[in-house]
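J.: Here the sequence shown stands for residues 1 to 702, where the numbers follow our numbering.
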Amino acid sequence: MRAVSPMIPSVLSLLREVVREEQQQQQQQQQQQQQQSKRRGDDDGDSEEKDEEDEGEKEASYKWSIALVGIIDDIVQCEPSLFEKYLAEYVKGMKWISCQTCFPNHLRSLSLQILVHLAHGAPSMCRKSKDLIQTVVDVSIGSFMTTLESDDDWNEVAYGSNDQLNDLPSVGEYCLDNLCHDLDGKVVIPCVMARLDNRCWQSQHFAYRHAALFALTQISEYVDDNSFALQLAEKAFFYLKDVHFRVRYAAINTVGQLINDHPCLGYVLSLSTSFCKFSSSLWKIQKNIGTHAAACVINVALAFKGKDNEKETREEENGNDNDSNDDDDNDDNDNDNNNNNNNNNNNNHNNEDDKPDNNKAKAEKHNVKLLLPQLLQRLFQLLTTKNKDVQNQALTAIAALAGVCQRQFRQYFHKFAPMLLDIIKHATSEEHAELRGRALECISHIGAAVGAKQFQDVASKLVPFTISYYSFIFFFWYGNANMASHCQSYIYLFTFVTFVLTPKKKTKAIGPRFVTYLDQVGPILLKAAQMDVEAVDIRQSKENELAKRGQLEWTEEERYGKQKIDYYWSEDKHRVVVNVSKVDNKVAAIDVIEALARELKQEFFPFVHKFEATLLDLCHFPYSLRVRQHCVIALPILVQCAYLAFLSPLCNITMIVTMIIMIMIMTKTIIIIMTMAIAIAIAMTMATATVMVMVMVMVMVM
């Protein structure tokens, strides 16, 4: 290792020489191209295409520099301790390369990532180097995260599809996050905040304010002090009214991330005037802002939902049930009074230390109720837009709020139910498959919130229509290449079936009446459970074909299309590529089968034989542990259905009738024919096992 050590400074010197030489060559080429273009009088053309061509030409001009930086990065990841004596020189060299805007983005990104990989491999060594920490922070925020596309290009891109992992802003965010993770947030966060206070917050250029807010999202996870997190949230709230819409977008993103990382902020922020301003000022005409605002509402709702779940769990453990059996017959005011009385009774049985928590929970509920009208009004406006991304996120936000507010959502049910029904009935095209699915998911959560009495009429109308539609789509597209686009929508269908069956204790919307739809739902569940996951040996995959052609780099879409994939090991120790969406469909179908069997009990017994063989086969499914686990859980429920069917009074009556028939056969009376007719008529309504017994009797008579 000592023999290799002298090579480290030599590689850095070589890199500097190569970079300077290629820089000079590239400048000469640019001058020649400019002279030629002036002679020809060429126009600039499309600026976006020109930028892409320029970036490609840059990478070609600096190919040796990029290769050499890649070699250094490999050495860093293998033996970071070799760089201890030369750390300051490498920090200075990588900073110089990464700050040069004339260099290709790939070269700049690799240079900065070398410092991050050093911090990952030798954290104790790098924690002592303030220059390394300051360099990564300054370059990430001041250079990379301020390199943004134009406003028009940003607003035209679909929500969520602009997260490119290799562009400079994403690399800057990656470096900040990993630096905090590897060197401890207490060391890195002060440097980040100093940079933001000195250069970014008061900058006249929106890109610096935008970068500062996104920097907060990266350090949020590593903030231990909730009071400091609250200060960051208040800072983000201030920029919700920024003059530039992309800064407002970044502020919404920051608020949502802070609440996600620090759920306790949801309660504190709901008490502040800033949160009220937030609910009325963040909905603007730009589609990405509206979509991200809805996503932030989801994070706020989940922060409250987590506390509600903890409270419900404690109440169930204590044997207390705040929702009486007469909830559906009382109005909202009576429910609130009953709940308050029950909460007071529960508090009397708890320790003194628990009383502040209960009072805090009541205050949280009260604040959510106050904010609910404003938030739902804005979400309703988003639903009326024509943008699918905005509508999808708004539907998820409405479902999250319904899950938090529960009974308080009843007064808004008649406002949202017609619109959701309209989406479900008319969004039948392939491009609107996700929108329809999210509408199903949303109305399912609303049904669980408002209760069976208010929801059962809508569910009774919606269930047959929805199941018929999905039955047609499923069997029409099954086995077709376009079936992939419908995979996710079946997750929503299965969620809907589960919710209308048993959405919540004492709020069943359909319950045992769902038996009438089993003939239609059963084949869909069976086909989904049997769905081929497109398992392909990696040696026979498109990735291997591209490698054979000499193509060493490719995108995920070039290899596998737009489907989400995962890797597994086959029995012969080879890696296999599978379609994760179809694996998820299998798991969802098994869960619905289990829910049906658990709820319908003996009434599900006639359908057990349709699923048992498939579930037994899936217990040995080689490509997913989740599939095997869910099958093992579901099979005992099916056995319980058969046992309950055997103990049911109807089964006992059938056995008595069968014994009478056997006696009459022994006596050879003339009433055999009449009795057989009655027995057959009864058997037609009995379980499959009973029919088998009756057939045996008929054979004996003959």
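Cβ atoms here follow ideal geometry from the backbone N, Cα and C, with glycine treated the same way.
Need the endpoints of the alpha helix (DSSP H) that Asp-74 sits in, please.
T.: Per DSSP, Asp-74 belongs to the alpha helix (DSSP H) from 63 to 78.
J.: Let's test the definition: count the other Cβ atoms within 10 Å of the Cβ of Cys-78 and tell me whether it reaches 16, buried, or not, exposed.
T.: Per the 10 Å Cβ criterion, exposed.
J.: Express the C-alpha separation of Gln-257 and Leu-68 in angstroms, rounding to a whole number.
T.: Taking the straight line joining both Cα atoms gives about 38 Å.
J.: Judging by CA-CA distance, which residue of His-630, Ser-624, Arg-626, Val-577 is the nearest neighbour of Ala-595?
T.: Closest by alpha carbon: His-630.
J.: Out of curiosity, what's the CA-to-CA distance linking Val-450 and Lys-527?
T.: Using only the alpha carbons, I get a separation of about 33 Å.
J.: Apart from the five residues on each side of it in sequence, which residues of its chain come closer than 6 Å, Cβ to Cβ, to Tyr-222?
T.: Correct list, in chain order: Cys-180, Gly-185.
J.: Mind checking which residues open and close the alpha helix (DSSP H) that includes Thr-146?
T.: Element bounds for Thr-146: n/a, residue is neither H nor E.
J.: How is Trp-96 classed by DSSP in three states: helix, strand or coil?
T.: Note: Trp-96 maps to helix in three-state DSSP.
J.: Can you confirm whether the segment 57 to 64 touches the segment 18 to 28 when touching is taken to mean that 3 or more C-beta pairs between the two stretches lie within less than 8 Å?
T.: As far as the Cβ criterion goes, the segment 18 to 28 touches the segment 57 to 64, which means the pair count is three or higher.
J.: Any chance the segment 434 to 441 sits against the segment 385 to 402, with 3 or more Cβ pairs inside 8 Å?
T.: Yes, they touch.
J.: For Met-125, report the span of its alpha helix (DSSP H) as first-last.
T.: 123 to 127 is the span of the alpha helix (DSSP H), which, as asked, contains Met-125.
J.: I'd like to know whether the C-beta atoms of Val-139 and Cys-99 end up nearer to each other than 9 Å.
T.: Their beta carbons are under 9 Å apart, which means Val-139 touches Cys-99 by this criterion.
J.: Of the choices Gln-530, Val-11, Gly-142, whose alpha-carbon is the least far from that of Cys-619?
T.: Answer by Cα proximity: Gln-530.
J.: By how many angstroms is the C-alpha of Leu-265 removed from the C-alpha of Asp-334?
T.: With a pLDDT of only 43 at Asp-334, under 50, the local geometry of the prediction cannot be trusted, and the value read off the model is given with reservation. About 31 Å.
J.: What's the C-alpha gap between Gly-749 and Thr-428?
T.: Within the shown structure, residues of the chain are numbered from 1 to 702, placing residue 749 beyond reach of any answer.
J.: Helix, strand or coil for Asp-153 per DSSP?
T.: Three-state result, Asp-153: helix.
J.: Measuring straight from C-alpha to C-alpha, what distance separates Gln-231 and Gln-202?
T.: The straight-line gap from Cα to Cα measures roughly 17 Å.
J.: Going by the beta-carbon positions, is the gap between Ser-109 and Met-94 smaller than 9 Å?
T.: No, these two residues do not count as a Cβ contact at 9 Å.
J.: Please state whether DSSP places Asp-323 in a helix, a strand or coil.
T.: The predicted position of Asp-323 is uncertain, since its pLDDT is 43 and thus under 50; a value taken from the coordinates is nonetheless stated next. The answer is coil: DSSP assigns Asp-323 none of H, G, I, E or B.
J.: Check for me: the alpha helix (DSSP H) holding Val-137 runs from which residue to which?
T.: From DSSP, the alpha helix (DSSP H) with Val-137 extends over 130 to 139.
J.: Ignore the nearest five residues each way along the sequence and tell me which others in Ile-8's own chain have a CB closer than 7 Å to its CB.
T.: Result list for Ile-8: Leu-82, Phe-83, Tyr-86, in chain order.
J.: Using CA atoms only, rank isn't needed, just tell me which of Glu-57, Val-247, Gln-391 is closest to Leu-148.
T.: The shortest C-alpha separation from Leu-148 is found at Val-247.
J.: Which residue from Cys-405, Gln-393, Gln-454, Leu-421 puts its Cα closest to that of Glu-434?
T.: Checked all of Cys-405, Gln-393, Gln-454, Leu-421; the closest Cα to Glu-434 is Gln-393.
J.: Which parts of the segment 609 to 649 are runs of the alpha helix (DSSP H), unbroken and 4 residues or longer, counting only runs that do not cross its ends?
T.: The qualifying runs are 625 to 647.
J.: Give the single residue among Arg-626, Leu-635, Leu-600, Pro-622 whose Cα lies nearest to the Cα of Ala-613.
T.: With distances taken between Cα atoms, Ala-613 lies closest to Leu-635.
J.: What did DSSP end up calling Ile-190 once you bin it into helix, strand or coil?
T.: Checking the sequence shown, residue 190 turns out to be Pro, not Ile. Helix, per DSSP.
J.: What alpha helix (DSSP H) runs, 4 residues minimum, are completely inside the segment 205 to 242?
T.: Counting whole runs of 4 or more residues, the segment 205 to 242 contains the alpha helix (DSSP H) stretches 206 to 219, 226 to 238.
J.: Per DSSP, what kind of secondary structure is Ser-429 in: helix, strand or coil?
T.: It is coil, neither helix nor strand.
J.: If you count every other CB in all the chains shown that lies within 10 Å of the CB of Tyr-90, and 16 or more means buried, which is it?
T.: Label assigned to Tyr-90: buried.
J.: Could you check if Thr-466 is buried or exposed, using at least 16 other CB atoms within 10 Å of its CB as the buried criterion?
T.: It is buried - the Cβ of Thr-466 has at least 16 other Cβ atoms within 10 Å.
J.: Rank Ala-229, Asp-182, Val-243, Arg-195 by C-alpha distance to the C-alpha of Gln-204 and give the top, closest one.
T.: Nearest option by C-alpha distance: Val-243.
J.: Excluding the five sequence neighbours on either side, which residues of its own chain have a C-beta within less than 7 Å of the C-beta of Cys-191, listed in chain order?
T.: Closer than 7 Å at Cβ, skipping near neighbours: Ile-133, Gln-134, Val-137.
J.: Please name the residue in Val-390, His-432, Val-404, His-445 whose C-alpha comes closest to that of Phe-416.
T.: Closest option to Phe-416, Cα to Cα, is His-445.
J.: Under three-state DSSP, which class holds Ser-386?
T.: According to the sequence provided, residue 386 is Lys. The question's Ser does not apply to it. It is coil, neither helix nor strand.
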